[in-house]
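Numbering (our numbering), first residue to last: 2 to 309.
Cβ coordinates follow ideal geometry from the N, Cα and C atoms, glycine included.
So the structure is just underneath, and the comments pick up after that.
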Amino acid sequence: MKKFKLFILLFCMYGSFSYASEKQNLVLKKVDNNVWSIVGPLTNRDKENLGNNATFGFVVTDEGIVLIDSGGSFNGAKAIHEIIKTVSNKPVRYVINSGGQDHRWFGNDYFSSLGAKIISSEAAKKDHQTRSSSQWSMLETLIGAEGIKGTKEKFADIVFKADYKFTLGNIQFEVYHRGQAHTPGDAFIWLPQSKVMFTGDIVYTERMLGIGEQSKSKTWLASFDAMASHKPQHIVPGHGSPTTLNIAIKDTRDYIAHLRNAIAVFIEQGGDASDISKINQSKFNYLSNFDTLSGRNALKVYTELEWE
Ligand SMILES: [Zn+2]
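Right, dumping it as structure tokens:
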């Protein structure tokens with residue numbers, strides 16, 4: 002009888018958890034002892050995902066939880082917290098914003114009001130302050146007034162220029178900003194003891210990365226290399242499931258390098274921006290969002306290379 006009750010209890014817990022994760026399109030995946038990732042959809046922000054169209058992570062220590070990226074809205078942060086609570090009820094003590102995109106920091110206020118301290122690079126904080134209102138309007142259009150409800154702007158409490166190291170519950174955290182990548186303040190978070198790397202938007206896997214107005218492909222490669230030099234055993238990318246360094250190289254580094262090389266040759270041969278669609282990117286058409294992003298990425302790199 003006891004066993005049966007336990008079975009029912011476990012069934013209910015599992016049942017409610019998978020319902021919650023399916024509803025918000027968030028999937029919990031274990032990376033290492035006490036290290037978890039929360040993988041959001043590879044698509045754009047929408048009413049269903051509440052702006053959580055990215056990968057997040059958290060580490061459970063004896064003294065509380067460190068969360069990497071707070072989610073794309075107040076409701077998105079709440080959904081992330083619900084998933085964390087299926088693993089541990091310890092308080093979230095720190096939130097590290099790995100970059101400037103809305104899904105890295107729009108949930109800050111939710112966790113801050115529960116007592117968490119927010120950490121970001123100086124460059125990321127400046128980026129948050131600069132783009133807050135444009136990110137807000139874009140998000141409201143995509144997730145709707147109901148989805149964005151409750152979201153408040155909250156910038157980092159602790160900022161650092163290049164390196165920030167701390168220990169919580171015997172677990173060491175090293176946060177490094179090595180230049181502009183997908184956004185001006187991107188940072189990667191290294192756990193030297195377990196060799197887990199949270200890369201934020203420095204690494205995209207499974208889907209095509211976006212090189213936007215706020216990105217810089219040349220220093221993105223340098224940031225990637227600084228990240229890779231730690232020889233991580235596990236990569237938790239900014240988009241996509243936990244993976245290996247080799248996959249990160251294939252889906253992110255190789256793509257940016259390919260684009261830069263192909264466009265350098267194109268410019269050398271007198272290619273004009275209006276013919277940019279002639280750049281062959283088919284090697285990467287296995288990545289989702291290829292059709293919507295490949296042309297835009299080529300154009301942005303073209304403009305960059307013209308000025309380099
Ligand atoms: Zn992102």
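Checklist entry - Cβ of D202 versus every heavy atom of ligand 1: is any distance shorter than 6 Å? => result yes
Item to check | beta-carbon G239 near ligand 1 non-hydrogen atom, thresh 6 Å | outcome: yes
Next on the checklist: Nearer than 6 Å: is that true of the beta carbon of Q102 relative to any heavy atom of ligand 1?
Outcome noted: yes
Checklist entry - Near K345, what residues of its chain come up, given a Cβ to Cβ distance below 7 Å and the 5 sequence neighbours on each side ignored? => result Absent from the model: residue 345. The displayed extent of the chain is 2 to 309, so no value can be given.
Checklist entry - Grouping DSSP H, G and I as helix and E and B as strand, with all else coil, what is E23? => result Low local confidence applies: a pLDDT of 49 at E23 is under 50, so the model's placement there is unreliable, with the coordinate-based value given in what follows. Reduced to three states, the DSSP call for E23 is helix.
Checklist entry - Using the beta-carbon count (16 or more within 10 Å), is K166 buried or exposed? => result exposed
Item to check | Limits of the unbroken beta strand (DSSP E) element including Q181 | outcome: Unbroken run through Q181: none, as it is neither H nor E.
Next on the checklist: Could you check if A258 belongs to the surroundings of ligand 1, using beta carbon to heavy atom distance under 6 Å?
Outcome noted: no
Checklist entry - So is the beta-carbon of A124 under 6 Å away from any non-hydrogen atom of ligand 3? => result The model depicted lacks ligand 3 and carries ligand 1 instead.
Checklist entry - Does the count of Cβ pairs from the segment 179-195 and the segment 41-55 closer than 8 Å reach three? => result no
Checklist entry - DSSP on G58, reduced to helix/strand/coil? => result strand
Next on the checklist: Could you tell me the alpha carbon to alpha carbon distance between K279 and F285, rounded to whole angstroms?
Outcome noted: 15 Å
Item to check | Cβ-based neighbour list, L294, same chain, cut-off 6 Å, excluding 5 preceding and 5 following | outcome: M209 and G211
Checklist entry - Does the pairing of the segment 148-158 with the segment 191-207 give three or more beta-carbon distances under 8 Å? => result no
Checklist entry - Under 6 Å from any heavy atom of ligand 1, does the C-beta of A55 make it? => result yes
Item to check | Rounded distance between the beta-carbons of G213 and G239, thought under 8 Å | outcome: G239 to G213, Cβ: 14 Å. No contact.
Checklist entry - Taking DSSP as the reference, what is the three-state secondary structure of R94? => result strand
Item to check | Bounding residues of the alpha helix (DSSP H) (the contiguous stretch that carries H129) | outcome: E123 to I149
Item to check | The alpha helix (DSSP H) enclosing G77, as first and last residue numbers | outcome: F75 to K86
Item to check | C-alpha distance - I268 paired with K118, whole-angstrom precision | outcome: 47 Å
Next on the checklist: Tell me whether the segment 168-179 and the segment 247-254 touch, counting them as touching only if at least three CB pairs, one residue from each stretch, are closer than 8 Å.
Outcome noted: no
Next on the checklist: Here's the rule: buried if 16 or more other CB atoms are within 10 angstroms of the residue's CB, otherwise exposed. What is S134?
Outcome noted: exposed
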